[in-house]
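Take a look at the structure below.
In this note's numbering, the protein residues as written are 573 to 916.
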């Protein structure tokens, strides 16, 4: 798990700061200081002709439209998984790189609009930290597995990523020229994610700066994991609450057994037969008591693992052996297997 969670990445302090600080400043400007909003207008015409370079910074941090603030905040909250996976420094480097590259692409697209179509109004682009948010859709599309949740209208289905794409579409259609910012963000995300022209080595956060913000931001914006009691009791009836508690305890048992199996495999250098280590989840839950005695469960046949799910886990950076073991341990449940590998 150290590969995916940096020392300050698991609690996502950078994502929380980007979620709270710009949103608070946006509300402050909209409600209390509307006369100061002109200082945060993203005007490329003023940058080019009047050399107001400061507008590149002020105009690309705080949203002046509260709808854009709300949508971008929700997307940053969902994209905090990348800070937990890669660590705060690498996540901040991605945001910095996409922020700088998208400013260059903004200039190129605006100049192309003016040259080919004679549209000069495109120089006034939507303000805010929007381009890096759109850039995060690139690793989201490439590295997050797509799991079907429900199926509607035949071939159409709802997945675990559908809501994020709907939020992105809402943000994409919120303004006249926000599509320029969106295209710039996606292009910068592609360049940084594919390591094109080695931009990931040039546009990165220095280690000393990462340590400084780790000392300052992490104590402020970090929080402890919710306790087990906080996750129980969400059901409307007592039976649902009991079922949730049983599922939680069962998952914790599987997590501990998975961690123990990995330690044994590292010591012995071999593969662990997960079906012998503990029975599958459904089989443990369906233990019947007849005449005061517990019936002995039959030994299940070896579980066939989906190669497509193995490939998805390997795309996330896990080895084939770990992916096979996690899928067998979780009865081919991709979400549970991913949680296994990310937490151990």
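Where is the CB? At the ideal position from N, CA and C, for every residue including glycine.
Contact defined as beta carbons within less than 8 Å: I believe residue i pairs with residue j. What is the distance between those atoms, to the nearest angstrom?
i	j	result
residue 739	residue 643	6 Å
residue 710	residue 758	6 Å
residue 782	residue 661	4 Å
residue 878	residue 907	Actually they do not touch by this definition, with Cβ atoms about 13 Å apart.
residue 774	residue 763	Not really, about 11 Å apart at Cβ, beyond 8 Å.
Does the Cβ-Cβ distance between residue i and residue j come in under 8 Å?
i	j	result
residue 681	residue 746	no
residue 697	residue 749	yes
residue 707	residue 659	no
residue 618	residue 627	yes
residue 894	residue 913	yes
residue 695	residue 616	yes
residue 715	residue 888	yes
residue 717	residue 884	yes
residue 731	residue 719	yes
residue 752	residue 678	yes
residue 528	residue 645	Only positions 573 to 916 of the chain appear in the structure, and residue 528 is not among them; the question remains open.
residue 754	residue 769	no
Put residue i into one of helix, strand or coil per three-state DSSP.
i	result
residue 624	coil
residue 929	Past the edges of the chain, shown from 573 to 916, lies residue 929, and the structure says nothing about it.
residue 648	helix
residue 633	coil
residue 692	coil
residue 697	strand
residue 641	helix
residue 788	helix
residue 804	For residue 804, the predicted model reports a pLDDT of 40, less than 50, meaning its position is unreliable; a value from the coordinates is still stated below. Coil.
residue 750	helix
residue 848	Interpretation of residue 848 is limited by its pLDDT of 44, a score under 50 that renders its predicted location unreliable; no figure is taken from the coordinates.
residue 868	Confidence in residue 868 is poor, its pLDDT being 47 and thus under 50, which makes the residue's placement too unreliable to answer from.
residue 901	helix
residue 670	helix
residue 653	helix
residue 736	helix
residue 910	helix
residue 811	A caution first: residue 811 carries a pLDDT of 49, below 50, which makes its placement in the model unreliable, though a value can still be read off. Helix at residue 811.
residue 730	strand
residue 586	helix
Closest by CA to residue i, which one among the options?
i	options	result
residue 765	673, 732, 638	673
residue 583	786, 716, 768	786
residue 663	888, 902, 776	776
residue 741	683, 639, 784	639
residue 654	724, 737, 909, 713	713
residue 612	620, 625, 621	625
residue 675	687, 692, 784, 620	620
residue 610	595, 622, 630, 594	630
residue 598	641, 623, 614, 622	641
residue 886	909, 693, 788	909
*Inspect the CB distances between the stretch 662-669 and the stretch 597-611 and report whether three or more fall short of 8 Å.*
no
*When the Cβ atoms of the stretch 649-659 are set against those of the stretch 584-593, are three or more pairs found closer than 8 Å?*
yes
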